[in-house]
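Residue numbers (this note's numbering): 1004 to 1270.
Ideal Cβ placement from N, Cα and C applies to all residues, glycine included.
Okay, so here's the structure we're looking at.
In structure tokens form, the structure reads like this:
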């Protein structure tokens, strides 16, 4: 393991390189926007990609028993410009996994596996949006009496874990719900369909490989193409695509984030 700087968004933990060197990854997990590599030493490497972080695999052409490539089924040529390569993991199989992050908003930590659930990063997280725990009752309860808009609440990781700006804009547009209207004024009949719509948007985005706007790519280098299916996000001034609506998509800055919505049908 090689850490090429002392920090990303936050400093690396004490003994970061030494604690990782020689460890075996037992499994990979995800919770909200955190990636987790559970190690055989009782610790978990917790990673957040921030805005522009990504992992790439290089020099991993090692033939397996059936001619497959290890690790995974993909391969990157060495990066000719390592300026933003901040952490390099070498594997005993000859692979190199490199963490790149031009903006350095990402971060990594080593946390005792047994205490993960109680760690401040995880203790207050809401349910995963594609899990059974995320249902209409939970969302109705989360919105009840709240003065904030539904977009603000859906981006709150304590309400639902892992939703981002793009997909919240898309879901609210499909549900014809204003991102600004106090969530507590919404009726249960408006909120109930939103759960299914959020799941539909996420399922479609996953199937499309995500959304590539600036620097996002999958682990094998493939670009996502869900951006070609956007109905609201990044479509300012274009017609609303909801059935029977004659409005156009507007953009406003809300809590420092761009909000895209139709002022006609999103009431």
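Under three-state DSSP, which class holds residue i?
i	result
residue 1100	strand
residue 1144	helix
residue 1198	helix
residue 1010	strand
residue 1041	strand
residue 1161	coil
residue 1177	helix
residue 1268	coil
residue 1126	helix
residue 1018	coil
residue 1166	coil
residue 1086	helix
residue 1193	helix
residue 1138	coil
residue 1154	helix
residue 1120	helix
residue 1187	helix
If you draw a straight line from the alpha carbon of residue i to that of residue j, how long is it in whole angstroms?
i	j	result
residue 1055	residue 1248	35 Å
residue 1256	residue 1029	43 Å
residue 1186	residue 1143	9 Å
residue 1167	residue 1201	11 Å
residue 1008	residue 1091	11 Å
residue 1163	residue 1013	25 Å
residue 1180	residue 1209	23 Å
residue 1047	residue 1254	40 Å
residue 1331	residue 1238	In the structure as shown, the chain starts at 1004 and stops at 1270, and residue 1331 therefore has no counterpart that could be examined.
residue 1021	residue 1097	19 Å
residue 1052	residue 1146	29 Å
residue 1086	residue 1169	29 Å
residue 1031	residue 1040	5 Å
residue 1192	residue 1211	30 Å
residue 1005	residue 1182	44 Å
residue 1049	residue 1105	19 Å
residue 1159	residue 1199	18 Å
residue 1242	residue 1044	55 Å
residue 1123	residue 1161	12 Å
Residues bridged to residue i by DSSP?
i	result
residue 1110	1051
residue 1262	1255
residue 1091	1005, 1101
residue 1242	1251
residue 1131	DSSP output for residue 1131 lists no bridge partner at all.
residue 973	With the chain running from 1004 to 1270 in the structure shown, residue 973 is simply not present.
residue 1234	Residue 1234 pairs with nothing; no bridge assigned.
residue 1033	1038
residue 1273	Residue 1273 is absent from the model: the chain starts at 1004 and stops at 1270.
Our contact map puts residue i next to residue j with C-beta atoms below 8 Å; I'd like the distance itself, whole angstroms only.
i	j	result
residue 1111	residue 1011	7 Å
residue 1194	residue 1139	6 Å
residue 1190	residue 1152	In fact, because the Cβ distance is near 15 Å, the residues do not count as touching under 8 Å.
residue 1136	residue 1101	The Cβ separation is near 35 Å, so there is no contact.
residue 1057	residue 1125	Not really, about 23 Å apart at Cβ, beyond 8 Å.
Original post:
Given 8 Å as the limit, is there contact between the region 1127–1134 and the region 1108–1115, that is, 3 or more CB pairs closer than that?
Top reply: no
**OP:** Specify whether the region 1260–1268 and the region 1163–1179 touch according to this definition: at least 3 beta carbon pairs, one from each stretch, less than 8 Å apart.
**Re:** yes
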